[in-house]
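Accompanying notes for the structure given below.
Right, here's the structure in full:
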């Protein structure tokens, strides 16, 4: 990276050393520290760097949106995932689910429980993305900061949501418990927020506009996040993306072939559909490979008609490498074949430690 220019030095009026030390003391190792100076986006990387080491890169603008492409950012919060103490499975689930419905993630960001860093991350996301999914920081404790910093980024105040306060009180009453006073914090939302219901928890999801982007705030508890994503966020994203709402995914599970060879064998197969309406992708699950076709259209019938010639061609090209399709598994295929012929299977394992029998 080239050294800072005179222009960047003049633009930066705050102390980098002070900023880095403050963030490091609050959030541990820093993956990225973001700030806004005089309307410019400044990205400062400071991972285990000495306080005197300064690296700056200034971007004046971001590429424009083309066609129907919606630029999506997933922003996960929490010191526990920033420092690696907790594996961030929420991010992988969200990114995969969005991909399954044809919505690609452009940026993934991890931020600690620090007001200054959260505010900068929200502002940066608002300036470059069309939709931002924020995960975590909606709890009742002092280090849950998402509502507060979302309001600050949007320039609005926090306001009590009587609707959610009543919902929380009923949640505790049904369980024969008294709601702790600090749970009231979870009903304090930015004044412009739209409530996203959470029927299985007390963390109130919400949506709001910050800058150019629509933000969706989700609970850190995995099962709560997953239900909110499927029932409330993905439908809104599909509606706002301009994409056709009907989507179909076809999966092929192969054995004995790698991604590179499968890619060569299937080169150009998606063009059989015409118009770029079918997307081809691969995901390795050693020792198997999953080949995915995603198609969308105005109706279920149209999607099936579009996908059919591509599916048949994929079957033809992959041939005997295909062992299962869609939700089928290798084990399921074996049992179906045995059941059809009234057969049985027995295993005698010496070196595999019973793993074959365990899978069956």
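Numbering (this note's numbering), first residue to last: 39 to 398.
No residue lacks a Cβ here, since even glycine has one placed at the ideal position from N, Cα and C.
Asked                                                                                                                        : Found
For residue 64, three-class secondary structure by DSSP                                                                      : Bear in mind that a pLDDT of 41 at residue 64, under 50, signals an unreliable position, so the model cannot answer this.
Burial state of residue 152, where buried means 16 or more other Cβ atoms lie within 10 Å                                    : buried
For residue 153, the three-state DSSP class (helix, strand or coil)                                                          : helix
Inter-residue Cα distance where the pair is residue 83 and residue 361                                                       : Caution applies to residue 83, whose pLDDT of 34 falls short of 50 and renders its modelled position unreliable; the value that the coordinates give is listed next. Distance between the alpha carbons of residue 83 and residue 361: 46 Å.
Touching by the beta-carbon criterion (3+ pairs, under 8 Å), the segment 381–388 and the segment 328–336                     : no
Selection from 193, 222 and 190 that minimises the alpha carbon distance to residue 203                                      : 222
Classification of residue 182 by the beta-carbon crowding that lies within 10 angstroms, buried from 16 upward               : buried
Cβ-Cβ distance between residue 276 and residue 139 below 8 Å                                                                 : yes
Bridge-paired residues (DSSP) for residue 326                                                                                : 293 and 323
The beta strand (DSSP E) enclosing residue 234, as first and last residue numbers                                            : 232–234
Neighbourhood of residue 293 by C-beta distance below 6 Å, restricted to the same chain and skipping five residues each side : 326 and 361
For residue 193, three-class secondary structure by DSSP                                                                     : coil
Beta-carbon proximity of residue 355 to residue 303, cut-off 8 Å                                                             : yes
Per-residue DSSP class, three states only, for residue 255                                                                   : strand
Coil, strand or helix - residue 228 by DSSP                                                                                  : strand
Where the beta strand (DSSP E) through residue 246 begins and ends                                                           : 243–248
Buried/exposed call for residue 214, threshold 16 Cβ in 10 Å                                                                 : exposed
Coil, strand or helix - residue 379 by DSSP                                                                                  : helix
Backbone CA spacing between residue 95 and residue 163 [nearest angstrom]                                                    : Here the model assigns residue 95 a pLDDT of 31, short of 50, so the residue's position is not dependable, and the following value carries that caveat. Their backbone Cα atoms lie some 17 Å apart in a straight line.
Reference residue 263; option with closest CA among 236, 247 and 248                                                         : 236
Opening and closing residue of the alpha helix (DSSP H) in which residue 272 lies                                            : 272–279
Exposure label - residue 345; buried when at least 16 CB within 10 Å                                                         : buried
Touching by the beta-carbon criterion (3+ pairs, under 8 Å), the segment 176–191 and the segment 135–149                     : no
Touch test, the segment 307–323 against the segment 251–262, Cβ-Cβ under 8 Å, three pairs minimum                            : no
Exposure of residue 324, with buried meaning 16 or more beta-carbon neighbours within 10 Å                                   : exposed
Buried versus exposed call for residue 299 [16 or more other C-beta atoms within 10 Å across all chains shown]               : exposed
Exposure of residue 180, with buried meaning 16 or more beta-carbon neighbours within 10 Å                                   : exposed
Residue 288 in three-state terms, based on DSSP                                                                              : strand
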